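Trainee:
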Amino acid sequence: SLLRQVSSLLRRLPAIESGKFQDDFLMEYNDTLLITYLAM
Amino acid sequence: SSSSTAQAQAAAIDTDSIYYYDESTQTKSQQDKPWVNDPHYFKRVKISALALLKMVVHARSGGTIEIMGLMQGKTEGDSIIVMDAFALPVEGTETRVNAQADAYEYMVDYSQTNRQAGRLENVVGWYHSHPGYGCWLSGIDVSTQMLNQQFQEPFLAVVIDPTRTVSAGKVEIGAFRTYPQGYKPPDEPVSEYQTIPLNKIEDFGVHCKQYYSLDVTYFKSSLDSHLLDLLWNKYWVNTLSSSPLLGNRDYVAGQISDLAEKLEQAETQLHSRMGSFLMPQHRKKEPEDSQLSKITRDSSKITVEQVHGLMSQVIKDILFNSVHP
Amino acid sequence: EEQVLIIREKLAELYEAEQEWSKAARMLSGIDLDSSIRLLDESYKLSKCVKIASLYLEDDDAVNAETFTNKASFLVNNSKQEVLVLQYKVCAARILDMKRKFLDAALKYYEISQIEKRQIGDEWIDEEALEQALTAAVTCTILAPAGPQRSRVLANFYKDERCSKLKIYPILEKVYLERILRKPEIDSFAEDLKEHQKALLPDNFTVLDRAMIEHNLLSASKLYTNISFEELGALLGIAPPKAEKIASKMIYEDRMKGSIDQVEAFIHFDDDKEELQQWDQHIVGLCQSLNDVLDTMSKKGL
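Protein chains in written order, with this note's numbering: chain H, -3 to 36; chain Y, 3 to 327; chain A, 36 to 337.
The structure is reproduced here in structure tokens:
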């Protein structure tokens, strides 16, 4: 049962995998870099 | 092991002794009224973990609306000890003087019911929230607190900023007492720097000499420690699954727009002073520099918090998204 | 009129004793409460309206009962007689329940279940009665159409620690946590339902069936990003076209977010949560299952 638990845990990786997530993540990444640039 | 248990129990009793309410001591302090002769009498505040949690949760539940509540506790020498807190059914603490007048009946009922339930602590102060604009007393707050200190001594004013609490990752809280009308305080040591938004700067500036802040410390009971330890075991899930960047977008946007306004204001003043630039003898010590240095400090503070948020996102991405079956 | 009133009341008592509820109600409703000849005081009128409504409800006659409950609603606010007010609230809740306005009925039952006093007038309110009101409130909420409003009321009940002692709690928990309900669970829940809660709807489904299908559909929308109607029908235990019809109705009523591709016979569920927030949710799940693995290992002494 323990091994089954571990395998179901591994099957949950990666936590999320979608184009929309990549877009949102990079958007947020760029926003933060922009703020840093403005602060500079 | 028995000795260590005994020690642990002794420590617990010591920790918990603060929770004991000695009515005679409090009555004596009420009779002596040491605070009457010294406007600066109270210097310290000790807040229980329970009261802190209740005030922060209440402040956050208000969102961008200011909330208000009361604190129960006692005094111990020059310290005010806050044991518990409860919310008041009022809103708009910053838009009218003495908002708590709406809740007098509620406060009386609550205090009486508490006494019947064996809770002897009196109300020792009020707390309210400043969502996103820092912990200080506005003009309205000063007049409310002065009123309280006239009729309800000992009385403390606590301000909590729930928005900054989220972004700073620690509770933004301030405890204050006002001076009597017309009292000239000795020169204050500069309190810790905090950003005041442009639309509040005047309100802040006019009244900041009418009150002083107290040193805030916290305490918890042995049971609190046990419960918080249990919670701490689960806290790592919160840390890994939270995104400060997500939760605080509106606040950061507000901060940046406030910064832009301050920059424009500083620039306008700089230009308007250019004329006198040619006559150095009129040049005063540049307040704008300190203004500009404040703006620089604010902008680096914002961007550091943002970069911290981004770092946690990148670490989470590497940790949870880079593994592929 | 005085004599008629006395005779009617007497006859009504006799009918009531023989459990001829509607006849007793009709006998009392013959009393002219708005007579211009004699002035009847408001509390008498209120007591009669509530009495007649209760009698009609004994025969599940919501229509006539509602007539008298509506009359009582104009009188109840000024009444100081708590017993009458309580009886009026019970009538109002039962009528809403019978008219299948389940969410409104649930809130009224819940209000009744929160009565603090244990004695009102010479009536004793026992815990059993309050528990029945609470159970009725939870039952009505489960039967209500699935959606955000129902979720909010469910959250109230789930956090009310009195509910955890109710027989109905296991199903309340699964419904609140938006888990799919299996046939055996639904059947056991159906055992305690009243007749009108098992009545057939025009589309040949019972009230319970519709509530359960919609609930399971909403739960499925949290589990899957998309699913074919073939599969969905199998999951819900109904024909695929039926599943499509119910899904389209829920999407149209904004009780579920999604889109239907009729050519492919597929439904795509939307989650209005931001991707980044979903990501955090998935991370919470991951951490918790890691925690479970570690707990299991420590239990096994590994």
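Quick reminder that beta carbons are idealized off the backbone N, C-alpha and C, glycines included.
Because the structure is a prediction, the values reported are computed rather than measured.
Sorted by chain position, which residues of the same chain lie with C-beta nearer than 7 Å to Lys80/A's C-beta, five sequence neighbours on each side aside?
Mentor: If we look at Lys80/A and ignore the five residues flanking it on each side, its Cβ neighbours are Leu68, Leu110.
Trainee: With distance defined between alpha-carbon atoms, name the residue in Lys280/A, Asp315/A, Leu207/A nearest to Leu238/Y.
Mentor: Sequence check: residue 238/Y is Trp here, not Leu. The residue with the shortest Cα to Cα distance from Trp238/Y is Asp315/A.
Trainee: Would you verify that the beta carbon of Phe322/Y is, or is not, closer than 8 Å to some beta carbon of chain A?
Mentor: Closer than 8 Å to some Cβ of chain A, the Cβ of Phe322/Y qualifies, so yes.
Trainee: Going by other Cβ atoms of all chains shown within 10 Å of its Cβ, with 16 needed for buried, is Ala246/A buried or exposed?
Mentor: Burial call: buried.
Trainee: Hey, could you find the ends of the alpha helix (DSSP H) Met36/H is sitting in?
Mentor: It is not in any alpha helix (DSSP H) - Met36/H carries neither H nor E in the DSSP assignment.
Trainee: Based on the DSSP output, what are the partners of His303/A in its beta bridges?
Mentor: BP columns for His303/A point to Asn261/A, Ser294/A.
Trainee: Can you list, in chain order, the residues of its chain whose CB lies under 8 Å from that of Pro188/Y, leaving out five sequence neighbours each side?
Mentor: Excluding sequence neighbours, Pro188/Y sits near nothing in its chain.
Trainee: Within the continuous beta strand (DSSP E) that includes Tyr220/Y, where are the two ends?
Mentor: Note, Tyr220/Y: beta strand (DSSP E), 213 to 221.
Trainee: Residues of chain H with CB closer than 8 Å to the CB of Ser324/A, please, in chain order.
Mentor: By Cβ distance, chain H contributes Gln1, Ser4, Leu5, Arg8.
Trainee: Any chance the stretch 135 to 147 of chain A sits against the stretch 182 to 198 of chain A, with 3 or more Cβ pairs inside 8 Å?
Mentor: Contact holds: three or more Cβ-Cβ distances are below 8 Å.
Trainee: Going straight from the alpha carbon of Lys277/A to that of Gly268/A, what length do you get?
Mentor: If you take the alpha carbons of Lys277/A and Gly268/A, they lie about 8 Å apart.
Trainee: Pop quiz: Leu248/Y and Gln312/A are said to be a contact at Cβ under 8 Å. What is the actual Cβ separation, rounded to whole angstroms?
Mentor: So it is a contact: roughly 7 Å between Cβ atoms.
Trainee: Put Thr180/Y into one of helix, strand or coil per three-state DSSP.
Mentor: DSSP places Thr180/Y in strand when its eight states are reduced to three.
Trainee: Comparing C-alpha positions only, which one of Thr28/H, Gln1/H, Met36/H sits nearest to Gly2/Y?
Mentor: Shown here, chain Y extends from 3 to 327; a query on residue 2/Y therefore has no answer.
Trainee: What are the residues that DSSP puts in a beta bridge with Asp163/Y?
Mentor: According to DSSP, Asp163/Y bridges with Glu174/Y.
Trainee: Please work out which residues of its chain come closer than 8 Å, Cβ to Cβ, to Ser3/Y, disregarding the five sequence neighbours upstream and downstream, and give them in chain order.
Mentor: Because the pLDDT at Ser3/Y is just 49, under 50, the model does not fix this residue reliably, and the value given afterwards should be weighed accordingly. Hits under 8 Å: none found.
Trainee: Using only the alpha-carbon positions, how far apart do Glu51/A and Asp307/A sit?
Mentor: Straight-line Cα distance between these residues: approximately 56 Å.
Trainee: With DSSP as the reference, label Val120/A as helix, strand or coil.
Mentor: Helix.
Trainee: In whole angstroms, give me the CA-to-CA distance for Leu52/Y and Val59/Y.
Mentor: Cα to Cα, the separation comes out at about 11 Å.
Trainee: Report the three-state DSSP secondary structure of Val47/Y (helix, strand or coil).
Mentor: Val47/Y: strand per DSSP, three-state reduction.
Trainee: Quick one: what does DSSP say Leu72/Y is sitting in, helix, strand or coil?
Mentor: Three-state DSSP puts Leu72/Y in a strand.
Trainee: For the beta strand (DSSP E) that contains Tyr129/Y, what are its first and last residues?
Mentor: Element bounds for Tyr129/Y: 124 to 131.
Trainee: Can you tell me which of the three DSSP states Glu51/A falls into?
Mentor: If DSSP states are grouped into helix, strand and coil, Glu51/A belongs with the helices.
Trainee: Check this for me: beta carbons of Met70/Y and His130/Y, under 8 Å apart or not?
Mentor: The answer is yes: Cβ separation under 8 Å.
Trainee: With 16 as the cutoff for other CB atoms within 10 Å, does Tyr135/Y come out buried or exposed?
Mentor: Buried is the call here.
Trainee: Could you tell me whether the Cβ atoms of Phe322/Y and Leu325/A are closer together than 8 Å?
Mentor: Taking 8 Å as the Cβ cut-off, Phe322/Y and Leu325/A do not qualify as a contacting pair.
Trainee: Determine, for Lys318/Y, whether the minimum Cβ-Cβ distance to residues of chain A falls below 8 Å.
Mentor: Answer yes: the Cβ-Cβ gap between Lys318/Y and chain A drops below 8 Å somewhere.
Trainee: If we call anything under 8 Å between Cβ atoms a contact, is Gly127/Y one with Val173/Y?
Mentor: No. Outside cutoff.
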